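J.:
There are 2 protein chains.
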Amino acid sequence: MKAKDLRVVKTKKAIYQALTHLLKDKLLPNIRVSELCREANINRGTFYFHYEEVGDVFKEFFEEVILDLEESYKEPYKYISAQQIKSSAFKELDPKTVRIFHHVKKYEDFYRIILSDNVPTTYYYMFFDAIRSNFIEDSKIGKYNESKKYLYSFLTNAIIGLIIEWHRSNFEESVDDMNIHLVETLNMIGKI
Amino acid sequence: MKAKDLRVVKTKKAIYQALTHLLKDKLLPNIRVSELCREANINRGTFYFHYEEVGDVFKEFFEEVILDLEESYKEPYKYISAQQIKSSAFKELDPKTVRIFHHVKKYEDFYRIILSDNVPTTYYYMFFDAIRSNFIEDSKIGKYNESKKYLYSFLTNAIIGLIIEWHRSNFEESVDDMNIHLVETLNMIGKI
DNA sequence: AATTTTATTGAACAGTTGTACAATAAAATT
DNA sequence: AATTTTATTGTACAACTGTTCAATAAAATT
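One line per chain: the protein sequences are G and Y, in this order.
With my numbering, the residue at position 46 of the first sequence is 156, and numbering never jumps.
With my numbering, the residue at position 162 of the second sequence is 272, and numbering never jumps.
(1) Taking Cβ-Cβ distances shorter than 9 Å, what residues in chain G pair up with residue 231 of chain Y?
(2) Please tell me whether residue 260 of chain Y and residue 291 of chain G are closer than 7 Å, where the distance is taken between their beta carbons.
(3) How many Å lie between residue 176 of chain G and residue 236 of chain G at the Cα?
(4) How would you label residue 188 of chain G, buried or exposed, when you count the other beta carbons within 10 angstroms and need 16 or more for buried?
(5) Taking the straight line between their C-alpha atoms, what separation do you get for residue 277 of chain G and residue 222 of chain G?
(6) For the alpha helix (DSSP H) containing residue 242 of chain G, list its first residue and its last residue.
(7) Going along chain Y in order, which residues have a C-beta closer than 7 Å to the C-beta of residue 272 of chain G?
(8) Alpha carbon to alpha carbon, how far is residue 242 of chain Y from residue 271 of chain G? Give it in angstroms, no decimals.
(9) Would residue 232 of chain Y pass as a contact of residue 248 of chain G if the rule is Cβ separation under 7 Å?
(10) What three-state label does DSSP hand residue 144 of chain G in the structure shown?
(11) Rank G:240, G:279 and G:281 by C-alpha distance to the C-alpha of residue 179 of chain G and give the top, closest one.
(12) Are the beta-carbon atoms belonging to residue 158 of chain Y and residue 167 of chain Y less than 7 Å from one another?
(13) For a cutoff of 7 Å on Cβ pairs, would you count residue 268 of chain G as touching chain Y?
(14) What residue does the alpha helix (DSSP H) around residue 218 of chain Y start on, and which one ends it?
(15) Taking its Cβ as the centre, do 16 or more other Cβ atoms sit within 10 Å of residue 131 of chain Y, making it buried, or is it exposed?
(16) Short of 8 Å in beta carbon distance, which residues of its chain neighbour residue 269 of chain Y, apart from the five on each side in sequence? Order them along the chain.
(17) Determine the chain Y residues that contact residue 291 of chain G at a beta-carbon separation under 8 Å, and present them in chain order.
(18) Just to confirm the assignment, what range does the alpha helix (DSSP H) spanning residue 290 of chain G have?
(19) Which residue's Cα is closest to the Cα of residue 83 of chain Y: G:283, G:267, G:265 and G:244?
(20) Find out if the Cβ-Cβ distance for the pair residue 146 of chain G, residue 164 of chain G is shorter than 7 Å.
(21) Strictly under 7 Å for the Cβ-Cβ distance: is residue 189 of chain Y near chain G by that measure?
(22) Quick one: Cα of residue 297 of chain Y to Cα of residue 288 of chain Y, how far?
(23) Report, in whole angstroms, the separation of the C-beta atoms of residue 140 of chain Y and residue 274 of chain G, which I expect to be a contact under 8 Å.
(24) Using a Cβ cut-off of 8 Å, pull out every chain G residue sitting near residue 282 of chain Y, in sequence order please.
(25) Smallest Cα separation from residue 173 of chain Y: which of Y:142, Y:224, Y:153 and Y:116?
(26) What first and last residue would you give for the alpha helix (DSSP H) that runs through residue 267 of chain Y?
(27) Hey, quick one: how far does the alpha helix (DSSP H) through residue 178 of chain Y stretch, first residue to last?
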């Protein structure tokens, strides 16, 4: 039952800050271990004591964000505007699905990295799994149906598809716009 | 109008073979330039004359596979079994959409790499764009509609979602099974 | 407050990276 | 067949990697 060692806390905080700073100028795979340690003012040996590569630091970061994603799914409908709820287009749509865009916008800078080229696919899959497990959670009101796993992966990645498109247009559109795009898309598919 | 220099052809072939060999034992990001050159029996300087990093070699490889993907979209329906065509479930489904699973199965070993962790997201997006442009190509019988870009990205990534799930179950299911999963999924969505 | 535990440091090592350049060999061009 | 072009080689260099280890400093435990 030992608490966190203060030395470790201090070291990791320094590394986090250094990474955040460096990520503004260069992509993750281009950040060297020695570079990061220089920026964080820690010994290179210390880094290798805690991590194996720079990506591991980012992974820790990532887990914090995913935590927010999961919490945001559990919160009530506060992120949905009254305007949207009134909109008849939403009559069929589970508002839980829609909260994802709000989360992405909240961590916009972060998702710029996640969705950028040259980061390992690992992060994409972590994002994928986080969303997917929420889909399953929602539908678990019934029983978990093994045969539906393809449906979950289809829907999950479809939503990420919209987010990829959003990212490519530099997150210009609003969260509300994205919700509308989702509804329109689902309507179009229904008509196939 | 100069043809390919025979020296270059020979060198690149050696690098391709070396990479293919090394990829059986380790992941792409763990393959060192010097390692690849040792395996290919070429000078490290030669490598840097043609490429910047190991990933560039893989990217060249990738473009060949994508070429097949695009060609397979242009071929007639020969990859769809008679059984499927008879199946009433397919009455609504454009067979062009479905050919993607055949292509993935054909290059199964390759897509094991593409979809694995730790490869850069670049390859994912190249795959994404290749499929997406085929979607647009198909619907261009009408006019290209800018407002539909979210629909295209939604559908494209949804299909890849199925392929991710397929990959995770180690490509055990047959191409026909995947076609059926797609139809079932679309039917389920239609009922939302 | 004294003792134990352990995170951090600094130094050293062989191997890798990315770059540069002159020498050479091989291909293309005339 | 002679000449031009250029891909490949070998070498060198400073910086980075990944690992190991003893010394030290800092925190936790008694």
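We put the CB at the ideal spot given by N, CA and C, even for glycine.
None of the values given here were measured: they were computed from a predicted structure.
T.: By the coordinates alone:
(1) 224, 225, 226, 227, 228, 229, 230, 231, 233 and 234
(2) yes
(3) 8 Å
(4) Only weak support is given to the placement of residue 188 of chain G: the predicted model assigns it a pLDDT of 49, under 50, and the question is left unresolved by the model.
(5) 7 Å
(6) 231 to 249
(7) 260, 263 and 264
(8) 11 Å
(9) no
(10) helix
(11) G:240
(12) no
(13) yes
(14) 218 to 224
(15) exposed
(16) 207, 210, 241 and 292
(17) 260
(18) 285 to 300
(19) Only positions 111 to 302 of chain Y appear in the structure, and residue 83 of chain Y is not among them; the question remains open.
(20) yes
(21) For residue 189 of chain Y, the predicted structure reports a pLDDT of 47, less than 50, and the residue's modelled location is therefore unreliable. A value from the coordinates is still provided. No, no contact with chain G.
(22) 14 Å
(23) In fact, because the Cβ distance is near 27 Å, the residues do not count as touching under 8 Å.
(24) Per Cβ cutoff of 8 Å: no residues; residue 282 of chain Y is ~13 Å from chain G at best.
(25) Y:224
(26) 259 to 278
(27) 164 to 184
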